[in-house]
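Colleague:
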Amino acid sequence: MRAVLLAMECPKDDLAGNLRRHLDEIAYAEFVQADLLVCPEFSLTGGVDPAAEPTRAITLEHEAVRTLVAATASVAVVFGLAESGGPFIAQVVAAGLEVVAIQRKRYLGEGEEGYAIGTTTATVDVAGRRCGIVICAEAGQPWTWDACAEAGADVILCCSAPGLSGRRTDEAGWRAGLSWWESCGLADARHHARGLGLPVLMSTQAGSTADEDFPGLAAAIDANGHVLDRTVDWRPGRLVVDL
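The working numbering numbers the first residue of the sequence shown as 12 and each following residue consecutively.
1) When DSSP builds the beta bridges, which residues end up paired with residue 91?
2) For the segment 135 to 201, list the beta strand (DSSP E) runs that are entirely contained and at least 3 residues long, ordered along the chain.
3) Does the distance from the C-beta atom of residue 87 to that of residue 216 stay below 9 Å?
4) In chain order, what residues of the same chain lie with their CB nearer than 8 Å to the CB of residue 111, ignoring the 5 residues before and after it?
5) Assign residue 66 to buried or exposed, taking buried as 16 or more other Cβ atoms, counted over all protein chains shown, within 10 Å of its Cβ.
6) Within a Cβ cutoff of 6 Å, which residues of the same chain sit near residue 123, ignoring the five residues on either side of it in sequence?
7) The alpha helix (DSSP H) spanning residue 79 covers which residue range?
8) Counting along the chain, where does the beta strand (DSSP E) carrying residue 212 start and finish?
9) If you count every other CB in all the chains shown that lies within 10 Å of the CB of residue 203, and 16 or more means buried, which is it?
10) The beta strand (DSSP E) spanning residue 115 covers which residue range?
11) Distance, Cα to Cα, residue 210 vs residue 51?
12) Look up residue 19 in the DSSP assignment and give the residues it is bridged to.
13) Report the partner residues of residue 226 according to the DSSP bridge assignment.
14) For residue 122, does the three-state DSSP call read helix, strand or coil?
15) Please state whether the Cβ-Cβ distance between residue 58 and residue 29 is less than 9 Å.
16) Please classify residue 199 as buried or exposed, where buried requires at least 16 other C-beta atoms within 10 Å of its C-beta.
17) Sort out for me which residues DSSP pairs residue 48 with in a bridge.
18) Taking 6 Å as the limit between beta carbons, can you name the residues of its chain near residue 46, skipping five residues before and five after?
19) Please list, in chain order, all residues of the same chain as residue 158 whose beta carbon is under 7 Å from its beta carbon, the five residues on each side excluded.
20) Identify the continuous alpha helix (DSSP H) that holds residue 35 and give its terminal residues.
21) Look at the Cβ atom of residue 129, then the Cβ atom of residue 114, and state whether they are nearer than 9 Å.
22) By Cβ distance, which residues of its chain are closer than 8 Å to residue 223, with the 5 residues on each side in sequence left out?
23) For residue 165, which residues from the same chain have a beta carbon less than 7 Å from its beta carbon, with the 5 sequence-adjacent residues on both sides left out?
24) Rank 73, 197, 237 by C-alpha distance to the C-alpha of residue 172 and give the top, closest one.
This is the structure:
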């Protein structure tokens, strides 16, 4: 399986722009003949406070979702959104011009109390591999990783949007934010890859939004917990990896 992993900017009030970025990345994934494109948590809608801005959560029938799904003829895409109805924090998997799986976040982080909690563990088959999904704060909960493995996953996708505490105003601040995420999200992914004997592919939001900043980081971790490849810093970027 060849995968493209993104450290991606996902503004909070630019659904059309976020859709364009997804379509551009799908085109790139097709160009490099990838089987899978992995985007961060909230990649399509940007982060949403469901109490303050409930209309920014969208359904799977929304035109932006339909347009994105219509671009998946030759590559599977994992993308994040605030899904109305629960509302849920969801990673949607689209392939072959249809939605084939939805992972709704099963453990909520700080500030996400307005969301409903997902109760099921989804997997999806891509190019001979079975992928499970862990979403941001779930990475700190061993049972979410175990649930993916128990559902038959032989690869786990870790999709995150960890908002940093305080704004980043200089390079030192950005480096500190990345260092925190390396010691938290990356460390969790390496630990569980090693413990389960499964590779982990990471995708994280990067850059600044209207009210918070994100540390970036796309990484591929092997089944021994070793980092095979990663983006170099906190900036937006992508990796192409083969498993």
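No residue lacks a Cβ here, since even glycine has one placed at the ideal position from N, Cα and C.
Keep in mind the model is a prediction, meaning the values are calculated, not measured.
Modeller: Short version:
1) 102
2) 140 to 146, 166 to 171
3) no
4) 87, 104, 105, 135
5) exposed
6) none
7) 74 to 80
8) 211 to 219
9) buried
10) 109 to 115
11) 17 Å
12) 216
13) 217
14) coil
15) no
16) buried
17) 15, 88
18) 12, 13, 137, 138
19) 132
20) 26 to 42
21) yes
22) 58, 174, 175, 178
23) 140, 141, 209
24) 197
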